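Enquirer: Shown below is the structure under consideration.
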Amino acid sequence: MSNESQVVSEATTSAVNPLLNQVDQTGDALKQSYELVTGPILQWAPNVIAMLVVLVVGYLVARLAGRAITAVCEKLGLQIAAERGGWIDSMKQVGIERTVPQIIGLIVFWLLMCVFLMAGCEILGLEAVSDTMQSLVAYIPKLFVAAVIVVVGLLLATFLRGVIATSTDRLGISYAQQLAAACYYILGLMVFIAAFEQLEIKFELLSYAILIGFAAVALGFGLAFGLGGRDVMSGILAGYYVRQRMHAGDRVNIAGFEGTIRDVGPVATIIETDEEGLLNRHSVPNIRMLNEAVR
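Under our numbering, think of the first position of the sequence shown as 183, with each following residue one higher.
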């Protein structure tokens with residue numbers, strides 16, 4: 183009987199042992215899989231949490247800085263300067279609805295976010311991404327200088343446009359506003375070229391074209407002045423002084439006839455005379471009006 187029990191026990195053991203070994207192997211495999219999955223997570227978890235904290239803090243700082251810069255730019259009147267310069271209409275035409283201070287504040291926001299993103303990448307050990315963003319951050323001073331060039335340049339161009347418009351209007355030049363606007367846009371284009379060159383974006387061909395254009399205009403003025411433009415300039419200057427002394431509606435006597443001033447143009451004055459009931463208009467050079475007219 184005991185022999186039979188021993189045989190049964192040995193048979194049971196021989197049948198159960200493979201099952202136990204299989205269970206042990208399965209457990210070891212599950213343990214290894216768990217360690218493979220959770221090991222990196224537990225290893226990276228502190229870094230990920232630290233990166234998230236840096237990004238949250240960076241977002242708050244960048245948000246506050248962007249709003250502060252926007253408020254400062256509004257106080258400086260950059261939006262008003264842009265409206266006077268006609269840049270707001272151009273921005274709306276290309277679909278930009280934000281104000282200039284808001285755009286500058288948004289730029290500051292993303293620049294600061296780049297700084298904090300770079301810090302987060304360094305925490306995670308993403309050196310390639312960190313190096314790329316570090317290059318972008320190193321570009322910030324150039325962006326700042328370019329922005330200063332644009333702002334100061336546009337303010338100066340706006341001021342010069344007003345000076346040119348006022349001066350040429352006093353000289354009686356009918357196209358004073360067009361001339362002032364042309365000078366403004368040329369100066370504005372030069373300002374943007376200077377800003378892009380600060381960003382190491384070259385527009386050599388366009389720069390040469392502008393220089394050639396200026397040279398051609400200067401040469402044209404020189405030739406015009408040398409080939410007869412002196413008389414025109416004399417007439418324009420004489421017209422300026424005539425307008426100081428005489429106005430539309432004044433009665434004058436010049437060259438043997440008497441009439442009424444209707445308009446003092448850039449180089450000549452229009453005088454209306456009544457000759458035997460007929461109204462005639464005469465164009466008298468401003469230089470003669472200045473030297474011969476008697477009120």
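Virtual Cβ for every residue (Gly too), placed ideally from N, Cα, C.
Small disclaimer: the values here were computed from a predicted structure and weren't measured.
Give me the Cα-Cα distance between E256 and V297, rounded to the nearest whole angstrom.
Expert: On the sequence shown, residue 256 is found 74 positions in, with the first residue counted as 1. On the sequence shown, residue 297 is found 115 positions in, with the first residue counted as 1. Whole-angstrom Cα-Cα distance: 25 Å.
Enquirer: Using a Cβ-Cβ cut-off of 7 Å (strictly less than) and excluding sequence neighbours within five positions of I346, which residues of its own chain qualify?
Expert: Here residue 346 refers to the residue found at position 164 when the sequence shown is read from its first residue. L361, A362 and C365, listed in sequence order.
Enquirer: Using the beta-carbon count (16 or more within 10 Å), is N462 buried or exposed?
Expert: Locating residue 462 in the sequence shown gives position 280, where the first residue counts as 1. Counting Cβ neighbours within 10 Å, N462 comes out exposed, since fewer than 16 surround it.
Enquirer: Roughly how many whole angstroms lie between the Cα atoms of R249 and E379?
Expert: Along the sequence shown, read from residue 1 onward, the residue named residue 249 stands at position 67. Along the sequence shown, read from residue 1 onward, the residue named residue 379 stands at position 197. Distance between the alpha carbons of R249 and E379 is about 29 Å.
Enquirer: Rank I436, A376 and T442 by C-alpha distance to the C-alpha of H429 and give the top, closest one.
Expert: By one-based count along the sequence shown, residue 429 stands at place 247. Closest option to H429, Cα to Cα, is T442.
Enquirer: Is any beta-carbon of chain C found at less than 9 Å from that of R433?
Expert: Here there is only one protein chain, and chain C is not present.
Enquirer: Around the Cβ of L294, are there at least 16 other Cβ atoms within 10 angstroms (buried) or fewer (exposed)?
Expert: Here residue 294 is taken as the residue at index 112 of the sequence shown, counted from 1. Per the 10 Å Cβ criterion, buried.
Enquirer: Where F374 and V332 are concerned, what is the direct C-alpha to C-alpha distance, given to the nearest angstrom?
Expert: For this step, residue 374 is matched to residue 192 along the sequence shown. For this step, residue 332 is matched to residue 150 along the sequence shown. Straight-line Cα distance between these residues: approximately 6 Å.
Enquirer: Given a threshold of 16 other Cβ atoms within 10 Å of its Cβ, counted over all protein chains shown, does V330 qualify as buried or as exposed?
Expert: The sequence position of residue 330 within the sequence shown is 148, counting from 1. Per the 10 Å Cβ criterion, exposed.
Enquirer: Please report how far the alpha carbon of Q284 lies from the alpha carbon of D351, in whole angstroms.
Expert: Residue numbering aside, residue 284 sits at position 102 when the sequence shown is read from its first letter. Residue numbering aside, residue 351 sits at position 169 when the sequence shown is read from its first letter. Those two C-alpha atoms are separated by around 36 Å.
Enquirer: Taking DSSP's pairing of strands, which residues face S317 in a bridge?
Expert: Here residue 317 is taken as the residue at index 135 of the sequence shown, counted from 1. Answer is none; S317 lacks a bridge partner.
Enquirer: Let me know if R433 comes out buried or exposed under the rule of 16 or more other beta-carbons within 10 Å of its beta-carbon.
Expert: Along the sequence shown, one-based indexing puts residue 433 at 251. Exposed, since its Cβ has fewer than 16 Cβ neighbours within 10 Å.
Enquirer: Quick check: what's the CA-CA separation for T455 versus V446?
Expert: In the sequence shown, residue 455 corresponds to position 273, counting from 1. In the sequence shown, residue 446 corresponds to position 264, counting from 1. One C-alpha to the other measures close to 15 Å.
Enquirer: Do L337 and A263 come within 9 Å of each other at the CB atom, strictly closer than that value?
Expert: Here residue 263 refers to the residue found at position 81 when the sequence shown is read from its first residue. Here residue 337 refers to the residue found at position 155 when the sequence shown is read from its first residue. In contact: A263 and L337 (Cβ atoms closer than 9 Å).
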